[in-house]
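Scroll down for the structure; my scribbles are underneath it.
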Amino acid sequence: MKWFSNFGFQRRNRELQEEIDAHLQMAIADRVARGEAEETARQAAAREFGNILLVQDVTRQMWGGGWFEQLGRDVRYALRQLRKSPAFTITATAMLAVAICANSTVFSWIDGTMLRPIPGARDTGDLVSLQRGERNFSPTPPFSYLDYRDLREQNHTFGGILAYHHDWITLTGGARPERAYIANVSANYFDVLGIKPVLGRFFLAEEETRPAIPNVVLSYSLWKTRYAEDPAIVGKSIEIARHPLTVIGVAPEGVVGAMPGLRDDLWVTLDPLGTDPWRMTHRSGGAVWLNVIGRLRPGVSRGQAAQDLDTVMHNIVAAYPNDHLGANQITLDPMWRSPFGANGYMAATLPVLLAFAAVVLLLTCANVATLTLVRFVSRRRELAIRQSLGANRMQLVWQMVLEGMVLSIVAGAMALGLTSWTSKTFAWFFRASSSPTTLNGSMDHNVVIGIAVFSLLAGMLCGALPAWRSSHAPAIEVLKAESASISGGSRNRKLLSWLVVAQVALSLPLLLCSGLLLRTLRNLARANPGFEQDHILTATVGLNIAGYSHDEVQLIRHKILDRVSALPGVKVASLTDWIPMTLGHKGEDAYPEGYVPHPHESLQVYHAEVAPRYFESLHIPILEGREFTPEDDEKAPRVLIVDQTAARRYWPGQETLGKNLRIWGRRFTVVGVARNSTHMFVNESPEPMVYMSFFQEGYETIVQVETEGNPVDLAPAVENAIHEIDTRLPVFDVRPMRESTQLASSFAVIQSALAGMFALIGLVLAVTGIYGVVAYRTQMRTHEIGVRMALGASRVDVLRLVLSQGVWLTGVGLALGLAFALGLTRLIARLLYGIGANDPVTVASVVTLLGAMSLVACYLPAHRAMRRNPVTAIREL
Amino acid sequence: MNEKGQYKNRIELLQGTLDMLILQTLQWGPQHGYGIVHALRLQTGDVLQVETGSLYPALHRLERQGWVQSEWKQSESKQKARYYRITAKGKKQLARDLGRWERIVEAIGSVMYVKPKESES
């Protein structure tokens, strides 16, 4: 192709110089051979050759100019053509910009979350997250410290393995206690991630196990906001949960820790105060608390590494069988789909959305190609003349592709501007919650490259296809056919038809998917989670993290319960340490007495610690036995309430009350059975849940009240009541239950919102596409219609004539689209709730909607044609 | 004979025949620019002198039209030179040029060599 061979202008110049030099050398050599002196031969040869510069210049003209000048000429020509039809240019550019933006927005979200799982870390592609036992969508931390240490020291496939535990804590010492997110980390944490401190140092290997080394590393943002970027912070003491800790370093800007999507403000060693030796010296019973991430050695595959770790784990299990009942095989996930943190959810949602966006882009290209084709058909005389003047087909195609390119490059530039804003809208989908979510899109070079690729692709599709078709017609035929041609030749008519069919066929799956997702969202909202969500207010009290002694904590808890219960407007008050449907849960291995687990059965149960009247406040019926009472305190024997799933799994067909379960090595007796309720998601498969008595095992303190009126109104009163006990008590996350549980449907909201938006774009494009083509063709046939009517065709005949082609196109499009859609919905089947992937009602309504809209699009031009005066129609050519 | 006299004996090339001559010369095998000049001079007994100022533009134009292809090679005298080779398209073009040339020659010939008609009176 011409522009391609013009590419090496510099190289060609050099070659020409060499060619002329060779010519002179040979001429001189010949003369010398004939006996001339070298010097005279040189002069004679040069004289004979003539003006070298002139020869070079004339020769260069034969190349048809430098590729750059050539391109400049072509681009100018393309711009002139586009300026001639501003309506087309603006419409096409705007449509392409929106379609490219849809793609780049979703891509920027993927880029900001899945592709940058650990901001600031080096080569995150080599990092894998470790999971033990059954694969789980939202697992709890899977390893004990000792197991982790053995894996770290005995493997042969990892450059390093780190461990962390994400939690929250209160920064005391200031005027008001402040909540901060903290991670207990292994000493090699920052080394394995490949992060260097901006100030001071990170942890030393010997600090990992030695207890009571109260050192802390600050995040850059905490250092900036709370300590005003104090350059001398290293070595200073800060107060965390009323304990002094020494700052040893500050992490670089943007580093937020190893759990994708969640933020850490501080990092401390695994047992900085030496207060929790149990967790450092046991392999089970509350000591399973660490998330583990490893960095693969270069050249090691995930499969090899998993096998290696499995061997190590096998030895650990053999050595400590009682600590490792249940399944223990190791699975490794790349960080982009790590189940710990947000990426598990991202990986299930965003690629599907990107696929939708890609369909939108295809659809837009088909639409723009339709417009381009219509335009080229009306320009075919110009093209034929150019062709007969000697332009070859390749040049014409190039010229049209260039016009498409110019459009899509402008559209790409617009999309770039739009995306820099839309990429940040991802955070809107995540309401304030107790989790420090840091999810957002990012606008980096990846996204810019992505936009460039999308635009080029779009430009090719929009320009090349119609161009190739248009330039195919032999010039003479086109020139001759010009006067007689009615609708631009049968070839173009066929291509135009296929483009319309493609648009209908592509928009149908978009509509169907969005219909299914919207109905899923409605089903989720209507679903009964098994507990009361309205009239419930929750407030988190940062008690244990504020540094009170154990006895103080218990006393304050009782005081809180008493005071809040007495508030006017409060029906029932209780305490809990877990709120359902907030993307989090606590899990622990439980050993029911008298139950023999299947091989590889996970013994993990969900657990929550709840105070008396918890079930009453949430309207969860106790089916057998009793609710907790104030007497179920630390002095009393440990008691449990299990849900139906746990009861059925462990004691099928037996009396559940009075059965025993061992957790953390302690024995609990079942005193009640509660009805099943939703733990994480409405569409979860039920996991066994055990409730423990809050005053026996409670960790965090969340006040939960059932209110008479709107729970929001009671928020200040509840907060005051708590502060009356101690003004320094940190109170966070005071919000209605309904608001918290919406977290569980965040992803359904994202899916349906975007799918809906994309489907709307698709519908508009398909309908305008059909309208455009039918209107154009009808216009081309004005003369013919006039003749028909003059010969006695009725208006209904005309209507039928015009409508029939539109209906035919729509019909074929719908049929193809349906086949495509039914294939595609299987991709989203996992995301649906309460509705089948091929739900007939949705399919029927979507097909009807698209069909009806298409008919309207066909009817408008038909109606216009029908009402034309045949006489004027005939005159019009 | 001095150089000036030699020069006078040469004939300016007819417009449009250079392409044909180049293609014809390349029929015998790949050749570089200097070789083409040399060959034409030898074959025409120094009558036809191709100007380098026309030769190289012509070669590059022929290449762009796809009638010749070029390649860098060592000559017998170890000189690196650009060799041009006629393509299949070039051969067809040569046949067309030749046909046209023959018609021109015939047409001109029929004018120049016509026997004067004997007058009737």
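Residue numbers (this note's numbering), protein chains in the order written: chain B, 1 to 877; chain A, 1001 to 1121.
We put the beta carbon where it would ideally sit given N, CA and C, even for glycine.
query, result
"Check the Cβ-Cβ distances between B/Met114 and every residue of chain A, and say whether any is below 8 Å.", "no"
"Could you compute how far the alpha carbon of A/Gln1103 sits from the alpha carbon of A/Arg1096?", "It should be pointed out that residue 1103 of chain A corresponds to Arg in this sequence rather than to Gln. Looking at the two C-alpha atoms, the distance is approximately 11 Å."
"Nearest CA to the CA of B/Thr370: which residue from B/Tyr776, B/Arg864, B/Gly817, B/Pro142?", "B/Tyr776"
"Is B/Leu266 closer than 8 Å to B/Ile182 when the C-beta atoms are compared?", "yes"
"Name the residue from B/Leu822, B/Arg283, B/Val564 whose alpha carbon lies nearest to the alpha carbon of B/Asn720.", "B/Val564"
"What are the complete beta strand (DSSP E) segments, minimum 3 residues, inside the stretch 155 to 235 of chain B?", "158 to 171, 178 to 185, 215 to 218"
"Measuring only the C-alpha atoms, how far is A/Gly1090 from B/Val397?", "25 Å"
"Using a beta-carbon distance below 8 Å, is A/Thr1087 in contact with chain B?", "no"
"Let me know the alpha helix (DSSP H) ranges lying completely inside the stretch 535 to 571 of chain B, each 4 residues or longer, listed in chain order.", "550 to 566"
"My understanding is that B/Leu262 touches B/Phe143, with C-beta atoms under 8 Å, so please give their C-beta distance in whole angstroms.", "Not a contact, Cβ separation roughly 18 Å."
"The beta strand (DSSP E) with B/Thr269 in it runs from where to where?", "266 to 269"
"Determine contact between the stretch 246 to 262 of chain B and the stretch 329 to 346 of chain B, defined as no fewer than three beta-carbon pairs at a distance below 8 Å.", "yes"
"In whole angstroms, what is the alpha-carbon distance linking B/Glu609 and B/Leu814?", "55 Å"
"Can you give me the start and stop residues for the beta strand (DSSP E) that A/Glu1106 sits inside?", "Unbroken run through A/Glu1106 is the alpha helix (DSSP H), 1088 to 1112; no beta strand (DSSP E)."
"For a quick check, are the C-beta atoms of B/Thr645 and B/Pro686 less than 8 Å apart?", "yes"
"In this structure, does DSSP put B/Val75 in helix, strand or coil?", "helix"
"Should B/Ile449 go down as buried or exposed, given a rule of 16 or more other Cβ atoms within 10 Å for buried?", "exposed"
"Taking C-beta to C-beta, are B/Arg675 and B/Ile641 nearer than 8 Å?", "no"
"Just the Cα atoms here: how many angstroms apart are B/Tyr164 and B/Ser108?", "28 Å"
"Please name the residue in B/Val682, B/Ser677, B/Phe694 whose C-alpha comes closest to that of B/Pro688.", "B/Ser677"
"Looking only at C-alpha atoms, which of B/Ala837, B/Phe158, B/Leu760, B/Gly569 sits nearest to B/Gly303?", "B/Phe158"
"Considering only DSSP beta bridges, list what B/Lys659 is partnered with.", "B/Lys659 pairs with nothing; no bridge assigned."
"Anything in the stretch 1091 to 1114 of chain A with a Cβ closer than 7 Å to a Cβ of chain B? List those residues in chain order, please.", "none"
"Between B/Val871 and the rest of its own chain, which residues show a CB-CB distance below 6 Å, the 5 nearest in sequence each way excluded?", "none"
"Tell me, please, whether the stretch 228 to 243 of chain B touches the stretch 87 to 106 of chain B by the rule of three or more beta-carbon pairs shorter than 8 Å.", "no"
"Tell me B/Met689's beta-bridge partners as DSSP assigns them.", "B/Tyr606"
"Taking Cβ positions, are B/Leu765 and B/Asn367 nearer each other than 8 Å?", "yes"
"My assumption, with CB atoms under 8 Å, is that B/Val447 sits in contact with B/Asp111. Please give the rounded CB distance.", "6 Å"
"Look up B/Leu860 in the DSSP assignment and say whether it is helix, strand or coil.", "helix"
"Cβ closer than 7 Å: which chain E residues qualify as neighbours of B/Val55?", "The structure shown contains no chain E; the protein chains it does contain are B and A."
"Would DSSP call B/Ala573 helix, strand or coil?", "strand"
"Just verifying my parser: in three-state terms, what is the DSSP assignment at B/Phe758?", "helix"
"If you draw a straight line from the C-alpha of B/Gly173 to the C-alpha of B/Glu239, how long is it?", "5 Å"
"By the 10 Å Cβ neighbour count, where 16 or more other Cβ atoms means buried, how is B/Ala45 classified, buried or exposed?", "buried"
"I want to verify the contact list: residues of chain B whose CB lies under 8 Å from the CB of A/Gln1079, in sequence order.", "Ala22, Gln25, Met26, Ala29"
"Give the residues of chain A in contact with B/Thr778, contact being defined as C-beta atoms less than 9 Å apart.", "Per Cβ cutoff of 9 Å: no residues; B/Thr778 is ~45 Å from chain A at best."
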